[in-house]
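These notes concern the structure reproduced below.
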Amino acid sequence: MQYRHRLSIAGVLLIGPLLPMSALALDAPKERPILTISGKISAKNTSDTARFDMKMLEALPQHSLTTSTPWFDKPMKFTGPLLADVLAAVKARGTTVHAFAINDYNISIPITDTAKYPIIMARLINDKAISVREKGPLFVIYPFDSHAELRTSTYYERSIWQLKAMEIK
Amino acid sequence: MKFDPPSLARWQGRQWAAALVALLLVTLTPLLWIQWRQYHMLDDLAVNQVDSLMWQAYQLERESDRLKQSLQDVQASSRPIDPWHLAERYDVFLSRIDLLTNIPRRDLLSSSPEYSNAIGLVNSFVAYADPVFSRPQQLIDNAALRDQVIKRLSAMDLPLSELTRQANRAVARFVDERNRQLRQQGWLVVVLATVQILIMLLFVGLLVRHIRRQQLQYAELHGLSQALENARDQAEAANHGKSVFLANMSHEVRTPFQGLLGMLNLLNDASLDTQQRDYLQTARDSATHLLGVLNDILDVSTMESGTLRLSPAPMHLPGVVQEVDGLMQVAARDKGLTLTMTAAADLPEWVNADTTRLRQIMFNLISNAIKFTETGSVVAHLALDPKGQSGILFTVRDTGVGMTAEAQKQLFTRFYQADDTPRRRMGGTGLGLEISRNLARMMGGDIAVQSSLGSGSVFTATLKLTATTPPPTHATIGADLGSSPRLRILVAEDHPINLKYMNILLQKMGHEATFCENGQEALKLLDQQAFDLVLLDYHMPVLDGLATTQAIRALEGPRSHISIILVTADVVNDTRKRAREVGVNEFVSKPLQVKELQSAIARCSLPDFGARGDEVPEATAPLASVLPFSSYEAPVHLPDAEQPINALIDSESYEEILQLMPPDSLDELLKTVFDGPDGTAHVLAQCIIDGDRAAIGYNAHKLKGTAMLMGFRSMVATSTQIEYLAMQTEDPIDGELGQQVLREAALTRKAISRFSLTAAE
Chain L
125 MQYRHRLSIA
135 GVLLIGPLLP
145 MSALALDAPK
155 ERPILTISGK
165 ISAKNTSDTA
175 RFDMKMLEAL
185 PQHSLTTSTP
195 WFDKPMKFTG
205 PLLADVLAAV
215 KARGTTVHAF
225 AINDYNISIP
235 ITDTAKYPII
245 MARLINDKAI
255 SVREKGPLFV
265 IYPFDSHAEL
275 RTSTYYERSI
285 WQLKAMEIK
Chain W
248 MKFDPPSLAR
258 WQGRQWAAAL
268 VALLLVTLTP
278 LLWIQWRQYH
288 MLDDLAVNQV
298 DSLMWQAYQL
308 ERESDRLKQS
318 LQDVQASSRP
328 IDPWHLAERY
338 DVFLSRIDLL
348 TNIPRRDLLS
358 SSPEYSNAIG
368 LVNSFVAYAD
378 PVFSRPQQLI
388 DNAALRDQVI
398 KRLSAMDLPL
408 SELTRQANRA
418 VARFVDERNR
428 QLRQQGWLVV
438 VLATVQILIM
448 LLFVGLLVRH
458 IRRQQLQYAE
468 LHGLSQALEN
478 ARDQAEAANH
488 GKSVFLANMS
498 HEVRTPFQGL
508 LGMLNLLNDA
518 SLDTQQRDYL
528 QTARDSATHL
538 LGVLNDILDV
548 STMESGTLRL
558 SPAPMHLPGV
568 VQEVDGLMQV
578 AARDKGLTLT
588 MTAAADLPEW
598 VNADTTRLRQ
608 IMFNLISNAI
618 KFTETGSVVA
628 HLALDPKGQS
638 GILFTVRDTG
648 VGMTAEAQKQ
658 LFTRFYQADD
668 TPRRRMGGTG
678 LGLEISRNLA
688 RMMGGDIAVQ
698 SSLGSGSVFT
708 ATLKLTATTP
718 PPTHATIGAD
728 LGSSPRLRIL
738 VAEDHPINLK
748 YMNILLQKMG
758 HEATFCENGQ
768 EALKLLDQQA
778 FDLVLLDYHM
788 PVLDGLATTQ
798 AIRALEGPRS
808 HISIILVTAD
818 VVNDTRKRAR
828 EVGVNEFVSK
838 PLQVKELQSA
848 IARCSLPDFG
858 ARGDEVPEAT
868 APLASVLPFS
878 SYEAPVHLPD
888 AEQPINALID
898 SESYEEILQL
908 MPPDSLDELL
918 KTVFDGPDGT
928 AHVLAQCIID
938 GDRAAIGYNA
948 HKLKGTAMLM
958 GFRSMVATST
968 QIEYLAMQTE
978 DPIDGELGQQ
988 VLREAALTRK
998 AISRFSLTAA
1008 E
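Line order of the protein sequences matches chains L and W.
Using the working numbering, the letters of the first sequence correspond one by one to residues 125 to 293.
Using the working numbering, the letters of the second sequence correspond one by one to residues 248 to 1008.
Structural data, given as structure tokens:
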């Protein structure tokens, strides 16, 4: 691990000047970053992470879905980029996303889930930005209503809210 | 529960199906409803995870602690604190409140005082803290403000942990309630399933009952049809039995009737005055008519019992036509009619046909035509059937009374004369036409009629008769015989008395007889000597009449064609038929009569016997052929009821014996019957006492033969009965029968002495 770490630094130092855009493909966040992605990713905007502010997430293609959840007493409309698109933006290569919430909650999400379901990384609920006190700023949501097999604790657990960081493994 | 079985029994498949569907709907619908309820319960549970309620309460308590900790860390930590970190902690704490107050199943908790207390405290804290945390830097800088916030947070510790416990209790109660519901539904499922099973069983029971009932009905119907079949079979058997009985009876009646006719014929030869002759003629006509009626009944009966068989043989067609013409001309002349009988030139000379039956059809049609024609003519014509290849057309045309179309329809119906038509007034049995048509049908043809009232009738019989070659003649044997009328006759007869009698008879007839005891010896003699004729007894030891005939016919050379006459007491038609089949030429009945033997020999048509043969049958010919007789028995003489002696002895037979036999031979013969202990009567009585069935049968047969020859009527009857019992049945033979034989022997002997006296007188 240490060896690899050193090698990657060496890579940045050596190859960086030749291919200035290859490792730092992602623009740097202009506002306060709200999401940090680390691990097996190719597109970064710091030395070893990719950091996103809300504008950057808003720039990705937006999707909406309305579904009922255990956390709201009625179906809500969730809007935001697809988790798959976010992972594509950082050129993630691993098999698992290890997600962390502000309240220290963390869970592993298999990347295969993103191929099977349109998982949304919601930044709006009912078209309004989500504050931290309303389980914001980011809320990973599965399409529970349209897929009965998702209505189990496994997938409810993966629906992480107050999301702040992800590590790709 | 009351079901009406008969109406249920009438249920069809569709009704059963409807009942079954209704039953399934009634029992399955609640089950489906319960399943649907449970599915939704589980689904609801998945969406609205109740246990998260407890979790959220706990998290709220914990985030409160963490917020407090963060504030305390500011004081303790030497490092600079990020004010945004504090704000974020506060927001996380707030998000927990939000969760607890907006969670789907918060209703489980919201009614409790702990909840309102805790939420009230939290809300007042939020109202206080919101402006404070909007400037977090202030909290880092101002220790007093921090302490105040910490203090207020600590005040919430107890109520929040109380809320967590309350949430825990609420969830537990919810789980209890859900379990109770599930148990209830489980019970309902069990009850419904039980009801369903019970109703199913009831239906199965009803179905089984229904099927049983149907099976029972089927069995009843089957039994009924069986009974009907049995009844039909019995009726058919009874009808058949009746026909057989009728055939037997008319046969029985016919036999004495021929005797009566014979007597009347003999009387005709006697010297009578005109009136007596007239009476006699009337009696003869009546008897002849009656015999015709009997013959018809016999024919119909045999046809109905299915025992009538045709016995086709090569037949000389022109000969038959000539014969019929000759006999019918007399009848036509008597009525003053002209009868013209013609035969087409292209007819085959020999055809395969049952002569007797063909003659019967011709007689019937022509005599009918004569009967119903007062003036004019009857024209009978025989020609080839233009339609058939082997058919012969026999047409009888008359100028008689004719018939209406209705009468024609009923013409072939039995006893048609029972109604009051001209036919009835003219007499006739009414069976003749039916018999003729049946015979014609048996010959593969039919009889049709065309007629109109007042202008005569045309009867047409179509018959399928195939042309054939003439039968072999006895020309070669005849050549060997020369011209001598004296015939060399071989006689096979095991009965000594019959042997003796036959010897006398044949000597008187002027023939030369050679005797032997059985068929085997006869075959040996045939091998050694030349004979013109063979007389075979039907019942013989070693080789019987039929077997001997077969053996003779199987010989090589001209010997196999020798004429054979079978001597039999058996009157059954079947025997004669079988005998004909194996090659017997003629029959004579026991006891032998001179005339009968003579005519039988004549019928064998030995070429050189012609001169005598023509004379002999003359006497019996009118009787034998005027009526269309079948091949029946020769007459048996009836006893005279006025003379008691004749109950024991047939006077005519005995007189014949007396004339034929020298007195010493007769005495010797009588001794073999009557004298003890070796006389047949005594031997038979002894055998009956001994109970030796074979010996009883043999001796009874022997006694019967002798008694028949001598005309001992009662002894014939008794010995016949004993023979029948011994040979045909398993019944025990009563010792009384032996005594009866002896009694009758004594009586007969006595009667003979009286008879001799009477005869002498």
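Don't be surprised by glycine CBs; every beta carbon is placed ideally from N, CA and C.
Quick caveat, the model's predicted, so the values are computed rather than measured.
Bridge-paired residues (DSSP) for residue i
| i | result |
| --- | --- |
| Q186 of chain L | L:P205 |
| P234 of chain L | L:T220 |
| E291 of chain L | L:S162 and L:H222 |
| D784 of chain W | W:V814 |
| A174 of chain L | L:I161 |
| R735 of chain W | W:E759 |
| M562 of chain W | W:V598 |
| Q697 of chain W | W:V705 |
| H929 of chain W | According to DSSP, which records beta bridges pairwise, H929 of chain W is partnered with nothing at all. |
| V835 of chain W | W:V814 |
Short CB-CB distance (under 8 Å) between residue i and chain L
| i | result |
| --- | --- |
| D290 of chain W | yes |
| E361 of chain W | no |
Test: residue i CB closer than 8 Å to a CB of chain W
| i | result |
| --- | --- |
| P194 of chain L | yes |
| R282 of chain L | no |
| N230 of chain L | no |
| I226 of chain L | yes |
| D197 of chain L | yes |
| I292 of chain L | no |
| A289 of chain L | no |
Where residue i meets chain W, residues with beta-carbon distance less than 8 Å
| i | result |
| --- | --- |
| Q286 of chain L | V339 and S342 |
Cβ-heavy atom distance, residue i to the ligand ADP, below 7 Å
| i | result |
| --- | --- |
| H948 of chain W | For the ligand ADP, the structure offers nothing, since it holds no ligand at all. |
(message) For the region 467-479 of chain W against the region 312-325 of chain W, do three or more pairs of beta-carbon atoms, one drawn from each stretch, fall closer than 8 Å, so that the two count as touching?
(response) no
(request) Taking a Cβ distance cut-off of 9 Å, strictly less, list which residues of the region 324-351 of chain W are near chain L, in chain order. (result) W331, A334, E335, R336, Y337, D338, V339, F340, L341, S342, R343, I344, D345, L346, N349, I350 and P351
(request) Report yes or no: do the region 745-754 of chain W and the region 695-705 of chain W share at least 3 C-beta pairs separated by less than 8 Å? (result) no
(request) Name, going along the chain, the residues of the region 243-258 of chain L whose beta-carbon falls closer than 8 Å to a beta-carbon of chain W. (result) S255, V256, R257 and E258
(request) Anything in the region 299-312 of chain W with a Cβ closer than 8 Å to a Cβ of chain L? List those residues in chain order, please. (result) S299, Q306 and E310
(request) Please confirm if the region 374-393 of chain W is in contact with the region 332-339 of chain W, defined as three or more CB-CB distances below 8 Å between the two stretches. (result) yes
(request) Check whether the region 195-205 of chain L touches the region 219-233 of chain L, taking contact to mean three or more Cβ pairs, one atom from each stretch, closer than 8 Å. (result) no
(request) Specify whether the region 899-913 of chain W and the region 968-980 of chain W touch according to this definition: at least 3 beta carbon pairs, one from each stretch, less than 8 Å apart. (result) no
(request) Determine, using beta-carbon pairs with one atom in the region 686-703 of chain W and one in the region 634-647 of chain W, whether at least three such pairs fall under 8 Å. (result) yes
(message) Under 8 Å: do the region 253-262 of chain L and the region 358-369 of chain W share three or more Cβ pairs, one atom per stretch?
(response) no
(message) Using a Cβ distance threshold of 8 Å, determine whether the region 487-499 of chain W contacts the region 549-556 of chain W, with at least three qualifying pairs required.
(response) yes
(message) Pairs of beta-carbons, one from the region 896-903 of chain W and one from the region 947-963 of chain W, closer than 8 Å: are there three or more?
(response) yes
(message) I'd like to know if the region 839-851 of chain W and the region 577-586 of chain W are in contact, where contact means that at least 3 CB-CB pairs between them fall below 8 Å.
(response) no
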